[in-house]
Amino acid sequence: MAALQIDDVPAAIRQAKRRLRAQLPNYREVFEEVSQAIGEEARHIARLREAGEAVIPEIAFADIAAQRVSAETIALVKARGACVIRRVFEPEQAARWDAEIADYVARNDLDARAAQRAAQRNALPPQASRPLIYGVYWSRPQVQARESAELTAARVFLNRLWRHESEGRVHFDPDVVPAYADRLRRRPPGTAAPGLAAHCDGGAVERWVDENFRQVYRHVFSGDWRRYDPFDGAYRTNASEIPSRIASSMFRTFQGWTALTPQGPGDGTLQVVPIANAMAYVLLRALQDDVAEDDLCGAQPGRGLPISPEWHAPLFDALTSIPQMQAGDTVFWHCDVIHSVEDEHRGRGYSNVMYIPATPGCAKNDAYLQRQLPSFLEGRSPPDFPPEHIEADLGDRAGAADLTSLGRTQLGLPGAA
Numbered sequence: 001m002a003a004l005q006i007d008d009v010p011a012a013i014r015q016a017k018r019r020l021r022a023q024l025p026n027y028r029e030v031f032e033e034v035s036q037a038i039g040e041e042a043r044h045i046a047r048l049r050e051a052g053e054a055v056i057p058e059i060a061f062a063d064i065a066a067q068r069v070s071a072e073t074i075a076l077v078k079a080r081g082a083c084v085i086r087r088v089f090e091p092e093q094a095a096r097w098d099a100e101i102a103d104y105v106a107r108n109d110l111d112a113r114a115a116q117r118a119a120q121r122n123a124l125p126p127q128a129s130r131p132l133i134y135g136v137y138w139s140r141p142q143v144q145a146r147e148s149a150e151l152t153a154a155r156v157f158l159n160r161l162w163r164h165e166s167e168g169r170v171h172f173d174p175d176v177v178p179a180y181a182d183r184l185r186r187r188p189p190g191t192a193a194p195g196l197a198a199h200c201d202g203g204a205v206e207r208w209v210d211e212n213f214r215q216v217y218r219h220v221f222s223g224d225w226r227r228y229d230p231f232d233g234a235y236r237t238n239a240s241e242i243p244s245r246i247a248s249s250m251f252r253t254f255q256g257w258t259a260l261t262p263q264g265p266g267d268g269t270l271q272v273v274p275i276a277n278a279m280a281y282v283l284l285r286a287l288q289d290d291v292a293e294d295d296l297c298g299a300q301p302g303r304g305l306p307i308s309p310e311w312h313a314p315l316f317d318a319l320t321s322i323p324q325m326q327a328g329d330t331v332f333w334h335c336d337v338i339h340s341v342e343d344e345h346r347g348r349g350y351s352n353v354m355y356i357p358a359t360p361g362c363a364k365n366d367a368y369l370q371r372q373l374p375s376f377l378e379g380r381s382p383p384d385f386p387p388e389h390i391e392a393d394l395g396d397r398a399g400a401a402d403l404t405s406l407g408r409t410q411l412g413l414p415g416a417a
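Just so we're aligned: 338 in UniProt numbering is position 338 of the sequence shown, and the numbers increase by one with no gaps anywhere.
Spelled out as structure tokens, the structure:
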């Protein structure tokens with residue numbers, strides 16, 4: 001799918017808003033209905049959380065492997081748009097990977113390399129730039145986790161929660177899981193990292209101005225918002241994004257990470273708004289009369305979609321930290337789910353993760369694989385990420401010889417079985 005090119009973003013926003021309001025003349029009344037329904041769901045989640053009840057579903061990986069996840073659990077995952085999958089890997093395996101990554105970082109002085117690159121990008125002194133998220137993509141543990149049978153099975157399960165055929169078309173193959181190389185987080189206790197505020201990935205202004213993105217949300221923009229199904233794959237793989245080095249151009253059914261250490265609330269961990277259809281609120285909020293004509297509640301091209309108390313206050317009632325995680329557990333959240341990261345890590349140990357999402361097979365993702373493959377072979381940063389290339393000259397990164405047959409297939413290597 002071709003990248004979206006917009007020469008005059010404010011003009012495109014004005015035009016999109018005029019068009020959307022014209023096709024939904026009662027946009028104020030529809031938004032009021034959405035606001036009441038989503039706001040009540042957010043308050044309900046807050047009440048459950050304050051009563052000590054779990055609001056993010058948890059699934060044992062063993063139940064996925066045995067195909068015995070209940071219909072009730074699946075329905076809850078689809079309502080909340082997020083889940084924790086327990087013991088995808090044994091804790092001992094995750095601990096070995098964590099130790100190997102720590103050695104990889106230390107042996108290659110990646111702290112200094114990453115700090116230097118960050119300082120150059122942000123005009124900061126290196127000592128102020130020690131990373132919490134590393135531009136490291138090709139360590140052996142990351143590659144091994146991505147190609148593992150266990151994580152592949154978990155991601156196929158998640159892909160299959162989506163309606164991958166509808167309106168007479170096949171949107172994607174849920175049983176194919178192409179590899180999307182993402183980074184590492186290694187967060188020591190006592191660190192504060194403000195700035196990763198509530199947001200959604202996978203498109204910002206594009207959701208309103210790109211024709212195919214608008215089709216994803218066709219029921220919302222027509223006023224029949226209760227028909228909007230966040231798990232309908234129609235038009236998702238045809239949506240176009242504005243080129244960016246800080247936003248994904250691959251279609252991810254779920255974003256996710258794998259815990260390498262125990263971690264939980266208060267440890268600088270993930271927070272989500274576990275309302276899968278909250279995007280209906282976000283989309284219609286931007287059309288209201290108190291938002292400037294050339295503004296979409298702060299959305300900027302090529303960046304994450306910001307969710308702020310100024311514009312989206314009712315949603316913040318539901319903002320919830322994920323539960324206590326053990327090494328080897330994974331957490332996944334729908335590609336449209338609002339999420340953020342706690343500012344402070346007040347725990348005692350490292351809070352370490354590998355970012356590994358769920359991705360299905362489709363032409364859009366195949367095209368990204370072709371762009372990503374040279375990055376793997378050369379040890380460079382993948383196309384969606386800042387060009388730090390801190391692994392390019394490392395002889396101990398993973399290479400083609402380290403891959404399993406499944407790993408070769410998932411990376412799109414020629415000759416893969």
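Here a beta-carbon is modelled for each residue, glycine too, at the ideal position from N, C-alpha and C.
On a predicted model such as this, the values are computed, not experimentally measured, just so you know.
Unbroken beta strand (DSSP E) run spanning SER340, endpoints: 339-341
Residue range of the unbroken beta strand (DSSP E) whose run includes LEU184: 184-187
Buried/exposed call for GLY190, threshold 16 Cβ in 10 Å: exposed
Host beta strand (DSSP E) of TRP333 (start-end): 330-334
Beta-carbon separation (whole angstroms), GLY202 vs ARG155, contact threshold 8 angstroms: Contact doesn't hold; Cβ gap of about 16 angstroms is too wide.
Of the listed residues ALA197, VAL216, VAL341, nearest to GLY298 (C-alpha basis): ALA197
Residue nearest to PHE172 in terms of C-alpha spacing, selected from GLN370, HIS164, PRO178: HIS164
TRP257 - containing beta strand (DSSP E), residue span: 254-259
Where GLU147 sits in the DSSP three-state scheme: helix
Beta-carbon proximity check, LEU132 vs MET354, cutoff 7 angstroms: no
Integer-rounded CB distance, given that ILE322 should sit under 8 angstroms from ASP182: Contact flag wrong, Cβ pair sits at about 18 angstroms.
Assigned exposure category for ASN238 - 16 Cβ within 10 Å defines buried: buried
Spatial neighbours of ALA204 in its chain, beta-carbon cut-off 7 angstroms, leaving aside the 5 residues before and after: ALA299, GLN300, PRO301, ARG303, GLY304, LEU305
Rounded C-alpha distance that separates ALA401 from ASP111: 27 angstroms
CB of ARG245 within 7 angstroms of CB of PRO386, strictly: yes
Among ALA60, ARG187, ALA313, CYS335, nearest to GLY256 - alpha-carbon criterion: CYS335
At least 3 beta-carbon pairs within less than 8 angstroms: the region 49-62 vs the region 79-94: yes
Euclidean distance between Cα positions of GLU33 and ASP229: 17 angstroms
C-alpha distance - PRO309 paired with ARG43, whole-angstrom precision: 15 angstroms
ALA398 versus ALA37: straight-line alpha-carbon distance, rounded: 49 angstroms
Nearest candidate by alpha-carbon position, reference GLY223, set PHE31, ASN365, ASP290, ALA318: PHE31
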